Amino acid sequence: MFNLKQHFLLDPSVTFLNHGSFGATPKPVFREYQRWQRELENQPVEFLGRRHNDLMRTSREALGKYLGTSAENLVYAQNVTIALNIVARSLELGAGDEVLSTNHEYGALDRTWRFLSKERGFAYINQPVDLTSQEHFVESFWRGVTPRTRVVFLSHITSPTATIFPIQEIIERARAKGILTVIDGAHVAGQWPLHLDSLGADFYAGNLHKWLCAPKGAGFLYARSEVQRLLKPLVVSWGYESETPSGSTFVDHHEFWGTRDIAAFLSVPKAIEFQQDHAWAEVRSACHQLTVETWQRINALTGLAPLHHSADNWFAQMTVSPLPPQTDIIELKKKLYDAHRIEIPLIDWHGIKLIRLSVQGYNSKRDMNKLLNALQVLLARN
438 MFNLKQHFLL DPSVTFLNHG SFGATPKPVF REYQRWQREL ENQPVEFLGR RHNDLMRTSR
498 EALGKYLGTS AENLVYAQNV TIALNIVARS LELGAGDEVL STNHEYGALD RTWRFLSKER
558 GFAYINQPVD LTSQEHFVES FWRGVTPRTR VVFLSHITSP TATIFPIQEI IERARAKGIL
618 TVIDGAHVAG QWPLHLDSLG ADFYAGNLHK WLCAPKGAGF LYARSEVQRL LKPLVVSWGY
678 ESETPSGSTF VDHHEFWGTR DIAAFLSVPK AIEFQQDHAW AEVRSACHQL TVETWQRINA
738 LTGLAPLHHS ADNWFAQMTV SPLPPQTDII ELKKKLYDAH RIEIPLIDWH GIKLIRLSVQ
798 GYNSKRDMNK LLNALQVLLA RN
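Have a look at this one:
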């Protein structure tokens, strides 16, 4: 494994196996973040009143190059939940319409769609999917499509089950039927290769503070140029009817929110640079191998059938393993942290108890051994 722990600010007394929740920022990127904050405070009017548009455009251009799209198709947002609220609240859905999703989606976005479905009268459907093969996944999901389906909402990598969905064929089928595609890519940038224009989703949102290791509060919304007109401002501010337009209505309406700290957004190019300087494709590959090995060891320890039938293409640096049904996951999580100083999430997913492992460049096999030793002791007491 790569010895990158020295570059991160994480508490050395904690075995941190939960990068997937909020990420962790390397020291050089955090210094860049603080540098931008100091520039803002040094001359706030100059920074926000005169430099804002150019600074944000330069950062978006670097992000666009990294994500395989143009800066005009991107706006910065604090996180995926905010970005996809822009989309969900903009789409004109009503009685008789359906939004088709899966039973693996992130709770905050499930709540968003359920809230809007109650207010507007459309149906939000969580379709169970088959993970035995990628072909079975596509067919099991597509069986939920009806003549009333207006939107397909999918995670690219799921939060509760750490599953990489094969979304390309779903996007292509949806486009052929005139169905809009909305993709939650919270866990993708920095963990899995992403080329937005080639992928072809109508709307795609991602977090940059997770696997790209940018500062907290850095995320993005992508919209194909053909569908940008469908979006309405979530917050109406000075970008609406702007007197100094950026050249893109999409950017003006959704990125300029008046007075706010934009340092996290401006630090994204430094996060990209950090990963490029540390051979991140090799880091990701090594992390995946350690993830697979640890997944196999946890499954062997519990003797339970895994959620994913193989590691191939189903997960990258984050995975889940089932725990015995009788496990008190609240108590187990508490003991893992209090007694063993291991930070790792335990999840109740539709009645199935799961432990979700994240492996980042600062982790080592020693961390995995510590987790396995603790689980062996604690599960035996259950």
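In the numbering used here, the protein residues as written are 438 to 819. Note that beta-carbon positions come from the ideal geometry of N, C-alpha and C, so glycine has one too. Model, not experiment: these values are computed from the prediction.
Bridge partners of Tyr513 according to DSSP: Phe657. Shown here for Ser450: same chain residues with a beta carbon closer than 7 Å to its own, the five before and five after excluded, namely Arg778 in chain order. Here Gln712 really is in contact with Gly627; their C-beta atoms are around 7 Å apart, less than 8 Å. Non-local beta-carbon contacts of Asn540 in its own chain, meaning distances under 6 Å to residues more than five positions away in sequence, involve Asn563 and Pro565 in chain order.
Between Leu537 and Gly581, the alpha-carbon positions lie close to 7 Å from each other.
In the same chain as Gly533, and ignoring 5 residues on each side of it, the C-beta atoms closer than 7 Å to its own belong to Arg585, in chain order. In this structure, Ser679 places its C-beta atom within 7 Å of the C-beta atom of Asp689. Going by C-alpha positions, Ile792 is about 15 Å away from Asn806. Taking Gln813 as the centre and dropping the five residues before and after it, the same chain places the C-beta of Leu738 closer than 7 Å to its C-beta, in chain order.
In the three-state scheme derived from DSSP, where H, G and I count as helix and E and B as strand, Ser538 is classed as strand. With distances taken between CA atoms, Pro463 lies nearest to Gly798 out of Gly798, Lys802, Arg551 and Leu809. A check of alpha carbon separations from Arg612 across Ala651, Glu663 and Ala623 identifies Glu663 as the nearest. In the three-state reduction of the DSSP assignment, Ala642 falls in the strand class, which pools E and B. Restricting attention to Val517, Gly622, Pro652 and Ala651, the CA atom closest to the CA of Ala638 is found in Gly622.
By the Cβ-count criterion, Asn810 is exposed, with fewer than 16 other Cβ atoms from all chains shown falling within 10 Å of its own Cβ. Distances from the alpha-carbon of His691 to those of Phe467, Arg475 and Glu509 put Glu509 closest. Your pair Leu591 and Ile616 does not check out as a contact, with CB atoms roughly 12 Å apart and the cut at 8 Å. The alpha carbon of Val575 has as its nearest neighbour, out of Phe552, Arg610 and Glu556, the alpha carbon of Arg610.
Sixteen is the threshold: when 16 or more other Cβ atoms of the shown chains lie within 10 Å of the Cβ of Asn800, as they do, the residue is buried. Out of Leu808, Arg803 and Val796, the CA that lies nearest to the CA of His456 is found in Val796. In the structure shown, Gly622 adopts extended strand secondary structure according to DSSP, grouped into three states.
Looking at the DSSP output, Gln564 sits in a beta bridge with Thr539. The secondary-structure analysis by DSSP pairs Ile789 across a beta bridge with Trp786. If you draw a 10 Å sphere on the C-beta of Phe459, you find fewer than 16 other C-beta atoms in it, and that means exposed. Under the three-state reduction of DSSP, Leu477 is assigned to helix.
For Thr696, no alpha helix (DSSP H) encloses it, and the DSSP letter there is neither H nor E.
Going by beta carbons, Ala700 and Tyr503 fall outside the 7 Å limit.
A distance below 8 Å between beta-carbons, with the five flanking residues on each side excluded, links Trp751 to the following residues of its chain, in chain order: Leu568, Thr600, Ile601 and His745. According to the DSSP assignment, Thr728 belongs to the alpha helix (DSSP H) that extends over Trp717 to Thr739. Under the three-state reduction of DSSP output, Glu529 falls in the coil class, being neither helix nor strand. Within the same chain, Cβ atoms closer than 8 Å to the Cβ of Tyr677 are found at Pro670, Asp689 and His690, the five residues on either side in sequence being excluded. Cα atoms of Ser635 and Gly505: separation of roughly 8 Å, rounded to the nearest angstrom. Apart from the 5 residues on each side of it in sequence, Gly654 sits with its Cβ closer than 6 Å to the Cβ of Gln515 and Ala701 in its chain, given in chain order.
Taking the CA atoms as reference points, Leu485 sits about 37 Å from Arg721. Following the DSSP letters along the chain, one finds Phe578 inside the alpha helix (DSSP H) bounded by residues Gln571 to Trp579.
In the three-state scheme derived from DSSP, where H, G and I count as helix and E and B as strand, Ser795 is classed as strand.
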